[in-house]
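Q: Listed in order, the protein sequences are those of chains A and B. According to this note's numbering, numbering within the first sequence proceeds without interruption in unit steps and concludes at 1559. According to this note's numbering, numbering within the second sequence proceeds without interruption in unit steps and concludes at 366. Next up is a structure, given as structure tokens.
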Amino acid sequence: MTEFKREARFAPGRDALPSMRISLLGASKSGKSCYILGMFAALVRGQGYHQYSLSTVHHEDGIAMLQELEDLGAGKPPLGTDEPRTHEFTLRGGLPGRGQAAGVQTGVIAIDLTDFRGGAIREQPLDENDTKQNYDQLRQSDSIFVVLDSGHFRQPVTPARKNAVIQETWANRIGDLIGWTIREREARGLPAPSIAVLLTKWDFLNDQRGTAARGLADVYQDVRALLPVAFGIGLEQYVFGVSIGEFSDPEGNPRQAHIGLSGVENPLFFAAGCFLTSQTQSLQGARGQLAAERTAIDARLAKLTRWPAIIQQYLLQRPIAERRAELKDKDDVIAAHDLRAAQVAEHEKVLRGLAT
Amino acid sequence: MENVPTAGWAAVVYGRTAAADTYWQAVPAGVTQTGWLARVVYAVFDKGRELEEHPRFLLAQESRRRLVGVACAARELSGELHSDGLRELFCFVGWLTVLPADAAHDTAADDDDRATDADKVCPNGPELDELADSYVRWAGPIYADMMTSRWHEPMSAARRATTTQPGPAPWYESEDGAASLVPCPDTGLWPAETWPLLWSAAMATPDPLTCVVGWQRAGTARRNGVTHLGAANAARRAAPVAPPRKPRPAPEPEPLVPGSASLKLARADTADTADTEFETLPVVAAAAPVSFRARLLVPFTWPRRRVGLPAWPGLPAWCQFPGRRRKRPRDRQRRY
């Protein structure tokens, strides 16, 4: 209880956490909304040794999402996404260490996850429609989840099938939007977004193991051929197979089934790890600035302390005390900053490890 | 201050088609799909949650704009255009009216307190029981008209919502205006037994509001963007004060639509509603009888509602007789 109080006092609120935006791109009925439900359900209980967990800012939103997932299991088909919807999550986790704060859960990242209406990526962004709003959010995205239905990859994507698969997965539109986002962010001096390719309904491929099973390595080559822009040099990308249960038959008709979450948390860990990498870099930049400020204060103090002791004692006592106080404050800030940077680096390492 | 007749009602149709993942199908001219219209439609539609069994009704208004409509399962409105092949679809069909600015000023000028604020004007609309009984008959043809041509049209960048023009309302609009205005009812949750009076009170208030009724469970109802929420199991509370209702003519018999929910409603409509109308009226305080002295003063007051009185050419709007504006010619454009 003491630890909780201590941590609660020093733990930053969601507003103080680094904020990451993720956008989901995918064809209509590719499983974007269902994936979000599964990811939240997998992470709401905590995952891994460090107990990374996800919580919604508004508790009723979380309840509604879990209810939707249960409805899916009961054979109720998922509702379509009509309005641009941003899910506000907080990723929490604890780090090993010594002392009272060891293992205590703290907020790591504030995550805004935008679920695009499938049709929006095929519409023209105009002032009169919501597509423009989606484009604005895409431009701010630190990570893009490209959602592809695994059903398209049951057979290898041969040159004969390639055009059909491109058309069915809307790969041209998705590729265009990824390129546009990278360019827009570059123009604003922002790093390129990390790209996680999600192969939803992955269990359908695994079910066929023994007859026509295709491993992730095989499908990876197909995805790479389908979306070369996502695999450009300097981009961070990863391909994940995810499934939340066999709530529909191979033809897509809904059916009753148990919830079977598999691999759904990994893309989020990957995106969080990539985001923390950029955070580490920005923290390093801030650390350099803090160090420069400290050096300047130190130099001013050195100028004052060059005078004979009697002058320092009778004339410069106050400015010297002020410089020393400033120096102490700056040291505290740097120490807190270093601690924060160390935590971010540790989280980054752990999350990347969990993702892969 | 009184409710005033409106310039007309333009249709709003929101719901996806079988072939394209896009929702705005019909939007009134001069109104964008974003902003206020989108907020209130999202508030009642809520992805179509819990619309399988029970429709939801919307009454939303802000400065001089009022939207009345219903969110329901598409199969209620059409026996054919209701599924994308895998799942049942839901839709919203509504009617939007924009009160002309000059009408607002004319009405406001009649007030003793000279409240010239254009917001203090309240357009007409259907009563809740009227809407609940007749929405299939009113919204069905609009839905079919808008969706039939677009149902199998694939998604494309050139796709746009149909622009609709104001036309006569499908419900009865009294010529002498509606009841007098009442204060805005308290916000929050309202149980099922208060919905008719809540709706009537909301219709008779000029304040901005978004009233959604039809949810069955308060726990799962969407509250975001809603000021007055009707959830059947909400905690009991006293019904709001509503103005007395004016008698309306009996509705026309509803044509039966095979395979739709109109069958149930058609039975209710074919009954002689004239006898039972007073039983369904909300309980309100009766208006005081007009005194003999007041009757004597009538010839000395300004003529108020003279239907069909011709406009005086060459004179500004404030010199014209107050009253209902002439309707638009019927042969101009598509009217909903």
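By construction, the Cβ of each residue, glycine as well, lies at the ideal position given by its N, Cα and C atoms.
Is there at least one Cβ from chain C nearer than 8 Å to L1402/A's Cβ?
A: Of the chains in the structure shown, none is chain C; the protein chains are A and B.
Q: Please name the residue or residues paired with I1514/A in a DSSP beta bridge.
A: The partner list for I1514/A (beta bridge, DSSP) is empty, contrary to what the question assumes.
Q: Name the one or two DSSP bridge partners that F1292/A has.
A: Paired residue(s): T1259/A, I1314/A.
Q: How would you list, in chain order, the residues of chain A whose beta-carbon sits under 8 Å from the beta-carbon of G255/B?
A: None at all; the shortest Cβ gap to chain A is about 10 Å.
Q: List the endpoints of the continuous beta strand (DSSP E) containing H1355/A.
A: Element bounds for H1355/A: n/a, residue is neither H nor E.
Q: How would you write the range of the beta strand (DSSP E) that V123/B sits in, first residue to last?
A: Run containing V123/B: 120-128, per the beta strand (DSSP E) assignment.
Q: Apart from the five residues on each side of it in sequence, which residues of its chain come closer than 6 Å, Cβ to Cβ, to P1287/A?
A: Taken in chain order, the residues that qualify are D1333, Q1336, N1337.
Q: Among residues of its own chain, excluding the 5 on either side of A232/B, which ones have a beta-carbon nearer than 7 Å to its beta-carbon?
A: Counting only Cβ-Cβ distances below 7 Å, and skipping sequence neighbours, we find L89, P215, L239, C241, H258.
Q: Taking the alpha-carbon of L1554/A as reference, which of I1447/A, D1352/A, A1475/A has the nearest alpha-carbon?
A: If we check each option's Cα against that of L1554/A, A1475/A comes out closest.
Q: What is the rounded straight-line gap between the Cα of K1585/A and the Cα of L1272/A?
A: There is no way to answer for residue 1585/A, as the model of chain A reaches only from 1204 to 1559.
Q: Could you have a look at Y202/B and say whether DSSP puts it in helix, strand or coil?
A: Three-state result, Y202/B: coil.
Q: Using only the alpha-carbon positions, how far apart do L1530/A and P1511/A sit?
A: Those two C-alpha atoms are separated by around 21 Å.
Q: Within 10 angstroms of its Cβ, does L1401/A collect 16 or more other Cβ (buried), or is it exposed?
A: Label assigned to L1401/A: buried.
Q: Mind reading off the beta-carbon distance from V74/B to V57/B? Whole number of angstroms is fine, and I expect it under 8 Å.
A: Not a contact, Cβ separation roughly 16 Å.
Q: Does the beta carbon of D1318/A come closer than 8 Å to any beta carbon on chain B?
A: D1318/A does not count as touching chain B.
Q: So Q1343/A and S1397/A are supposed to be a Cβ contact under 8 Å. How far apart are they, rounded?
A: That pair is no contact at about 14 Å.
Q: With 8 Å as the threshold, decide whether the Cβ of R1325/A is near any Cβ in chain B.
A: With 8 Å as the cut-off, R1325/A counts as an interface residue toward chain B.
Q: Listed in chain order, which residues of the region 1261-1291 of chain A have Cβ atoms closer than 8 Å to some Cβ of chain B?
A: Per Cβ criterion, the list reads A1267, Q1270, P1280, P1281, L1282, G1283, T1284, D1285, E1286.
Q: Who pairs with L88/B in a beta bridge, going by DSSP?
A: BP columns for L88/B point to G99/B, V242/B.
Q: Leaving out five residues before and five after I1537/A in sequence, what residues of the same chain have Cβ atoms less than 6 Å from its Cβ?
A: Within the same chain, I1537/A has close Cβ partners L1493.
Q: At 8 Å on the CB atoms, spell out the chain B contacts of D1333/A, in chain order.
A: Ordered by position in chain B, the residues that pass the 8 Å Cβ test against D1333/A are Q63, T64, A68.
Q: Output the distance between the C-alpha atoms of I1447/A and S1353/A, rounded to the nearest integer angstrom.
A: So the two alpha carbons sit approximately 13 Å from each other.
Q: To the nearest whole angstrom, what separates the beta carbons of F1243/A and G1265/A, a pair I think is in contact under 8 Å?
A: About 7 Å; that satisfies the 8 Å criterion.
Q: Mark A187/B as exposed unless 16 or more other C-beta atoms lie within 10 angstroms of its C-beta, in which case mark it buried.
A: By the 10 Å Cβ count, A187/B comes out exposed.
Q: So what does DSSP say about L1240/A, is it helix, strand or coil?
A: Helix at L1240/A.
Q: Alpha carbons only, please: which of S1222/A, P1281/A, V1260/A, I1225/A is nearest the one belonging to S1451/A?
A: Out of S1222/A, P1281/A, V1260/A, I1225/A, P1281/A has the C-alpha closest to the C-alpha of S1451/A.
Q: Nearest CA to the CA of T193/B: which residue from W125/B, H182/B, G155/B, A162/B?
A: Of the listed residues, the one whose Cα sits closest to T193/B is W125/B.
Q: Among all the DSSP beta bridges, which residues are the ones paired with R1467/A?
A: For clarity, residue 1467/A is Val in the given sequence; the question names Arg instead. In DSSP, V1467/A forms no bridge with anything.
Q: Is E1263/A buried or exposed, if buried means 16 or more other CB atoms sit within 10 Å of its CB?
A: E1263/A is exposed by the Cβ-count criterion.
Q: To the nearest angstrom, how far is the alpha carbon of H1540/A from that of L1438/A?
A: Answer to the nearest angstrom: the Cα atoms are 28 Å apart.
Q: How about R1526/A and R1503/A: are their beta carbons less than 8 Å apart?
A: It is a contact, given that the beta carbons lie within the stated cut-off.
Q: Taking S1256/A as the query, report the chain B residues whose CB atoms sit under 7 Å from its CB, ordered along the chain.
A: Those do not exist, as S1256/A stays about 24 Å from chain B at its closest Cβ, beyond 7 Å.
Q: Using Cβ-Cβ distances below 7 Å, what residues of the region 226-242 of chain B are close to chain A?
A: Within the region 226-242 of chain B, no residue qualifies.
Q: Mind reading off the beta-carbon distance from W201/B to E160/B? Whole number of angstroms is fine, and I expect it under 8 Å.
A: The Cβ separation is near 6 Å, so the contact holds.
Q: Going by CA-CA distance only, name the one from R1320/A, L1542/A, A1374/A that's closest to D51/B.
A: That would be R1320/A, whose Cα lies nearest to the Cα of D51/B.
Q: For a contact meaning CB atoms closer than 8 Å, what does G1321/A contact in chain B?
A: Neighbours of G1321/A on chain B, chain order: D51.
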